[in-house]
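S.K.: Protein sequences, first through last, are from chains C and A.
Mapping of the first sequence onto our numbering: position 216 corresponds to residue 200, and the numbering continues sequentially without gaps.
In our numbering, each residue carries its 1-based index in the second sequence increased by 97.
Here it is: the structure, laid out below.
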Amino acid sequence: MKVFYHFGRYFILIKRAFGKPEKISIYIDRIFEEMNILGVGSLGIVAIISIFMGAVITIQSAFNFESPLIPLYAVGVAVRDSMILEFSPAIVSLILAGKVGSSIASEIGTMRVSEQIDALEIMGINSAGYLIFPKIIASVLFNPILVVFSMFLGILGGYVFGLMSGVVSDYEYIYGITYGFRPYNVMYALVKAGVFAFIIASVPAYHGYYTSGGALEVGRSSTKGVVYSSVLILAFDLILTQLLLV
Amino acid sequence: MIEIKNIFKSFSGRNVLNDISFTFETGKTNMIIGESGSGKTTLLKCMVGLNEIDSGQILYDGRSFTDLNFMEKKEVRKEIGMLFQGGALFDSKTVEENVTFPISMFTNMSESEKRDRANFCLQRVNLNNANKLYPSEISGGMKKRVAIARAIAVQPKYLFCDEPNSGLDPKTSIVIDNLIKEITEEYNITTVVITHDMNSVIEIGDNIMFIYKGNKHWEGSKHEILKTHDQEVCDFVYATKFMKDLKTKF
């Protein structure tokens, strides 16, 4: 029964977050501010992980494609499809759920326990709208950019490390990444990125917003936010794959 | 003027406030005193709408706050300034940004007008050269002063202070108390102060309500509280050796 309680409270909070803003110009500034914190601030970690994942997929694929019946350009196909279909939208989102999610939950949780949210309410400001709405919008707008960035760097990483290790040639890799390319797969990845971004921003925000107690509870809220958003990302990954690909 | 009538509040079946009525006068420093856990902060949170009351009425200049809808309550809240126990300053904003924040939200002032207003409020609380500092870089007393500056930035009609001098040294406490008193009289606002500091009560209290175990036990002025023979009030007022000695002396 507690699940229904949390679902109900979550949807009420989201409805409040999407309520009429007190001053649109301030909310727009907040969205850009959050894009910088949540999005631009994540470029580094996304870049590092994507490059190395692309490289690892290239080397592992080349190692496994031992049969002479499988052409070596299949390495390029494997890297491209792994990055576009799953790694960039889902795994990057899981990593962001840890990095961004914990930051959102602890920021809002700290504001709750230090009465900053009460201060906003007393001023007549919709605290849910002011704190959560810009984070959701910034995340939904910027996550697809991070995903495309990850796709590009993953494939580039595979190319560079593939050539450096000599497991695949220049021609085979480039032929592989262009072979049978379906633009719809990118659209599918972007839809997933948008949905996951909503989860990454809203679920930890919910846990942070309803923190009660002190520093210990802020930590617990942060952990809960990351765990629940990660589980939801995996669940929605399955649902969206079933709906959009099958 | 704020009137509260027959306020009841309970948490999980435990009565925290029982039938509390009081009138908080405009231009006066109205104080709610009582032991820790007596229900002072709960009453304050009920008055500003952070906690819902079980029954009773809260009237802001005749407007029944409890009967207002969400949007109407927001309008009343725009007339409220509040000084929280810990200051509740926004950590990510500088002192100046904290003070300009409510101005930006509710007025169409230009950047320079906002800055001027913030500077005026900060100077009013005797805080100079701290505009660019963050809350983590200033002392507890300075935080309280910034919080007062933020509270008066949009010229509130009602000012609530939750233990304004907790955690402050006696000298800074008096500065904060006097500041609250001066602002109350200068802007003719209705001020409600929660405290358990008897120095504050004697220094600035005009109307005093003593809460004991969730009930309004006594009310009167700062002169009357020193002369009362009520056992619970006396136990609270003369709890320290210094106050006991003072009583026997005079």
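Every residue, glycine too, gets a C-beta built ideally from N, C-alpha and C.
List the residues of chain C that S109/A touches, going by C-beta distances under 7 angstroms, in chain order.
M.R.: Correct list: empty, because the minimum Cβ distance to chain C is about 14 angstroms.
S.K.: Leaving aside the five residues before and after Y163/C along the sequence, list all residues of the same chain whose C-beta is less than 8 angstroms from its C-beta, in chain order.
M.R.: Within the same chain, Y163/C has close Cβ partners Y57, G60, V61.
S.K.: With H, G and I counted as helix, E and B as strand and the rest as coil, what does DSSP make of S87/C?
M.R.: Helix.
S.K.: Which residues in chain A sit within 7 angstroms of S98/C, going by Cβ to Cβ distance?
M.R.: Neighbours of S98/C on chain A, chain order: G183, A185.
S.K.: Buried or exposed: where does A89/C fall if 16 or more other Cβ atoms within 10 Å of its Cβ makes it buried?
M.R.: By the neighbour-count rule (16 or more Cβ atoms within 10 Å), A89/C is buried.
S.K.: Mind pulling the chain C residues with CB within less than 7 angstroms of P199/A?
M.R.: Simply M107.
S.K.: Roughly how many angstroms lie between the CA atoms of K211/A and S123/C, to the nearest whole one?
M.R.: Cα to Cα, K211/A sits roughly 31 angstroms from S123/C.
S.K.: Span of the beta strand (DSSP E) holding Y255/A?
M.R.: From DSSP, the beta strand (DSSP E) with Y255/A extends over 255 to 259.
S.K.: For A103/C and chain A, any beta-carbon pair shorter than 7 angstroms?
M.R.: It does: the Cβ of A103/C has a partner Cβ on chain A nearer than 7 angstroms.
S.K.: For a contact defined as C-beta to C-beta under 8 angstroms, what are the partners of I10/C on chain A?
M.R.: Ordered by position in chain A, the residues that pass the 8 angstroms Cβ test against I10/C are S201, M202.
S.K.: Looking only at DSSP bridge pairs, what is T288/A linked to?
M.R.: DSSP output for T288/A lists T126/A, L256/A as bridge partner(s).
S.K.: Across the segment 187 to 204 of chain A and the segment 243 to 261 of chain A, are there enough close Cβ pairs to call them in contact, namely three or more that are closer than 8 angstroms?
M.R.: In short, these stretches touch, since the Cβ pair count reaches three.
S.K.: Do the segment 75 to 93 of chain C and the segment 19 to 27 of chain C touch if we need at least three Cβ pairs shorter than 8 angstroms?
M.R.: Judged by Cβ distances under 8 angstroms, the segment 75 to 93 of chain C makes contact with the segment 19 to 27 of chain C, as three or more pairs qualify.
S.K.: Output needed for T139/A: all residues of its chain with C-beta closer than 7 angstroms, excluding positions within five of it in sequence on either side, in chain order.
M.R.: Same-chain partners within the cutoff: K106, V113, L114, N148.
S.K.: At what residues does the alpha helix (DSSP H) containing E321/A begin and finish?
M.R.: Note, E321/A: alpha helix (DSSP H), 319 to 324.
S.K.: Are there 16 or more other CB atoms within 10 angstroms of the CB of M240/C, so buried, or fewer, so exposed?
M.R.: Residue numbering for chain C in the displayed model covers -15 to 230; residue 240/C lies beyond these limits and cannot be assessed.
S.K.: Compare the C-beta of E18/C against all C-beta atoms of chain A and say whether one is closer than 7 angstroms.
M.R.: No - not a single Cβ of chain A is within 7 angstroms of the one on E18/C.
S.K.: Counting only runs of 3+ residues fully inside the segment 85 to 135 of chain C, write out the beta strand (DSSP E) ranges in chain order.
M.R.: Segments of the beta strand (DSSP E) lying fully in the segment 85 to 135 of chain C: there are none.
S.K.: In the segment 201 to 268 of chain A, which residue ranges form an unbroken beta strand (DSSP E) of at least 3 residues, counting only runs that do not cross its ends?
M.R.: Runs of the beta strand (DSSP E) inside the segment 201 to 268 of chain A: 255 to 259.
S.K.: Using a Cβ distance threshold of 8 angstroms, determine whether the segment 108 to 123 of chain C contacts the segment -10 to 6 of chain C, with at least three qualifying pairs required.
M.R.: Because the criterion of three Cβ pairs below 8 angstroms is met, the segment 108 to 123 of chain C and the segment -10 to 6 of chain C touch.
S.K.: Look up K313/A in the DSSP assignment and give the residues it is bridged to.
M.R.: Paired residue(s): I308/A.
S.K.: With 7 angstroms as the threshold, decide whether the Cβ of M168/A is near any Cβ in chain C.
M.R.: It does not; no Cβ of chain C falls within 7 angstroms.
S.K.: Inspect the CB distances between the segment 151 to 169 of chain C and the segment 188 to 200 of chain C and report whether three or more fall short of 8 angstroms.
M.R.: No: the two stretches stay apart, fewer than three of their Cβ pairs being nearer than 8 angstroms.
S.K.: If you compare alpha carbons, which of E18/C, L130/C, I8/C, V210/C is closest to S34/C?
M.R.: That would be L130/C, whose Cα lies nearest to the Cα of S34/C.
S.K.: Pop quiz: A103/C and M179/A are said to be a contact at Cβ under 8 angstroms. What is the actual Cβ separation, rounded to whole angstroms?
M.R.: Sure, about 7 angstroms apart at Cβ, within 8 angstroms.
S.K.: Nearest CA to the CA of L219/A: which residue from R242/A, E316/A, P232/A?
M.R.: When only C-alpha atoms are compared, the closest one is R242/A.
S.K.: Can you pull the chain A residues whose beta carbon is under 9 angstroms from the beta carbon of E6/C, in chain order?
M.R.: Going along chain A in sequence order, the residues near E6/C (Cβ under 9 angstroms) are K171, M202, F203.
S.K.: Checking 7 angstroms against the spacing of the C-beta atoms, do T287/A and T123/A come in under that value?
M.R.: Yes; because the gap between Cβ atoms is below 7 angstroms, this pair is in contact.
S.K.: If contact is defined by three or more beta carbon pairs under 8 angstroms, each pair taking one atom from either stretch, is the segment 156 to 169 of chain A in contact with the segment 91 to 102 of chain C?
M.R.: Contact fails: fewer than three Cβ-Cβ distances are below 8 angstroms.
S.K.: Would the C-beta of S318/A count as close to the ligand FMN, meaning under 6 angstroms from any of its heavy atoms?
M.R.: Within the structure as shown, the ligand FMN is missing, as the structure has no ligands at all.
S.K.: Using the Cβ count rule (16 or more neighbours within 10 Å means buried), how would you classify F(-12)/C?
M.R.: Its Cβ having fewer than 16 others within 10 Å, F(-12)/C is exposed.
S.K.: Can you name the start and end residues of the beta strand (DSSP E) that Q154/A belongs to?
M.R.: Run containing Q154/A: 152 to 157, per the beta strand (DSSP E) assignment.
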